[in-house]
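Asks:
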């Protein structure tokens, strides 16, 4: 999914951090205009820009709606599409055509540049869209797309965790990762102790049901140092985490770069060039790039 804000904010992310757990409240963002699907964006947040390499978390639904995201570019990141309800069709400039359904993973690695679209019929949709920032030595890799219909499950007393990205409790996803991280959907039924990597910082988002200590809406941030998490209730939650990302980055619109001039070059290429390729089969025009802000974009830290 794209960042379809008409006036995208500069997003400021990288090293530093620590401290106590905190609630990261989301903000509502309409995707594509006044009648568009609304999403709750909890990352980037006003106080904390990243959790590990995870730099973008949009949650949407459950809602009867249609998704229509025109072709748009990405650089320097991976997009992670995860559905709880509904179906979404992915097209990209590599020629990929893949429907995603609940329980399967669509993973797109933008690397030096890719474009894609996403759309659905009008139906109940519920899911999350996430971005992973690529570390400096991997941010210009060859673009790629992966679909994983079957993912490993780490089960324990009171929980079953589908490992979407990285590894959890000895179970590893087949999806390609470029930095130490974890992403999982955790189904909770009763009281459970979920294993964590103490080297990681983590984030937890309630997807449905009622799970203590979560509440609907905000992302709960946990600093490094925990080897487990006690939860109770019945429902599903998203678990993300990773080693604190040690690089400064610039996030603007759908680009992740390292300085203002890179972002300018990416925008120019999308507007005037051919480096992002073209998406075949989408009935509509590509998404135009918004105007750049009047001040220079600066690389920022992962916490304010």
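Residue numbers (the numbering used here): -11 to 292.
Built from N, CA and C at the ideal position, the CB exists for glycine as well.
For the putative contact between residue 210 and residue 189, defined by C-beta atoms under 8 Å, what is the C-beta separation to the nearest angstrom?
Replies: 7 Å between Cβ atoms; contact.
Asks: Return helix, strand or coil for residue 253, following the three-state DSSP convention.
Replies: Residue 253 falls in the helix class under three-state DSSP.
Asks: Assuming residue 239 is part of the beta strand (DSSP E), what are its boundary residues?
Replies: Note, residue 239: beta strand (DSSP E), 237 to 240.
Asks: Where does residue 281 sit, in a helix, a strand or coil, going by DSSP?
Replies: Correct three-state label for residue 281: coil.
Asks: Thinking C-alpha only, which one of 268, 82, 187 is nearest residue 215?
Replies: For residue 215, the nearest C-alpha among the options comes from 187.
Asks: Looking only at its own chain, which residues have a Cβ that is under 6 Å from the Cβ of residue 30, when we skip the five neighbours before and after it?
Replies: For residue 30, where only same-chain residues beyond five positions count, the Cβ hits under 6 Å are 12, 14, 45, 207.
Asks: State buried or exposed for residue 268, treating a residue as buried only when at least 16 other CB atoms are found within 10 Å of its CB.
Replies: It counts as exposed.
Asks: Report the residue from 159, 149, 100 whose alpha carbon sits nearest the alpha carbon of residue 125.
Replies: The shortest Cα separation from residue 125 among 159, 149, 100 belongs to 100.
Asks: Taking C-alpha atoms, which residue in 248, 64, 120 lies nearest to residue 168?
Replies: The candidate whose alpha carbon is nearest that of residue 168 is 120.
Asks: How is residue 125 classed by DSSP in three states: helix, strand or coil?
Replies: Three-state result, residue 125: helix.
Asks: In the DSSP assignment, the beta strand (DSSP E) including residue 94 goes from what residue to what residue?
Replies: That run of the beta strand (DSSP E) goes 93 to 97.
Asks: Measure the CB-CB distance between residue 56 and residue 71 and report whether it falls below 8 Å.
Replies: Their beta carbons are not under 8 Å apart, which means residue 56 does not touch residue 71 by this criterion.
Asks: Curious, which full-length beta strand (DSSP E) runs of at least 3 residues does the stretch 27 to 81 contain?
Replies: Taking only runs of at least 3 residues, the beta strand (DSSP E) segments lying wholly in the stretch 27 to 81 are 42 to 53, 56 to 62, 65 to 73, 76 to 80.
Asks: Just the Cα atoms here: how many angstroms apart are residue 144 and residue 156?
Replies: Between residue 144 and residue 156, the C-alpha separation is close to 12 Å.
Asks: Express the C-alpha separation of residue 253 and residue 172 in angstroms, rounding to a whole number.
Replies: Near 35 Å, if we compare the C-alpha coordinates of residue 253 and residue 172.
Asks: Just to confirm, is the Cβ distance from residue 42 to residue 118 under 8 Å?
Replies: Yes.
Asks: On the DSSP letters alone, give me the boundaries of the beta strand (DSSP E) that residue 267 sits inside.
Replies: Segment: none, residue 267 is in no beta strand (DSSP E) and carries neither H nor E.
Asks: Would you kindly check if the distance between the Cβ of residue 102 and the Cβ of residue 82 is under 8 Å?
Replies: Against a cut-off of 8 Å, the Cβ pair of residue 102 and residue 82 comes out as a contact.
Asks: In the DSSP assignment, the beta strand (DSSP E) including residue 10 goes from what residue to what residue?
Replies: It spans 10 to 12 - the beta strand (DSSP E) in which residue 10 sits, taken as one unbroken run.
Asks: Please confirm whether residue 244 and residue 65 have their CB atoms less than 8 Å apart.
Replies: It is a contact, given that the beta carbons lie within the stated cut-off.
Asks: To which residues of the same chain is residue 105 closer than 7 Å at the C-beta, ignoring the five residues directly before and after it?
Replies: Same-chain partners within the cutoff: 57, 58, 59, 79, 267, 270.
Asks: Using a Cβ-Cβ cut-off of 8 Å (strictly less than) and excluding sequence neighbours within five positions of residue 197, which residues of its own chain qualify?
Replies: Counting only Cβ-Cβ distances below 8 Å, and skipping sequence neighbours, we find 176, 221, 222, 223, 224.
Asks: Give the C-beta separation of residue 199 and residue 182 to the nearest angstrom, bearing in mind that I take them to be a contact with Cβ-Cβ under 8 Å.
Replies: 11 Å between Cβ atoms; not a contact.
Asks: Are there 16 or more other CB atoms within 10 angstroms of the CB of residue 63, so buried, or fewer, so exposed?
Replies: It is buried - the Cβ of residue 63 has at least 16 other Cβ atoms within 10 Å.
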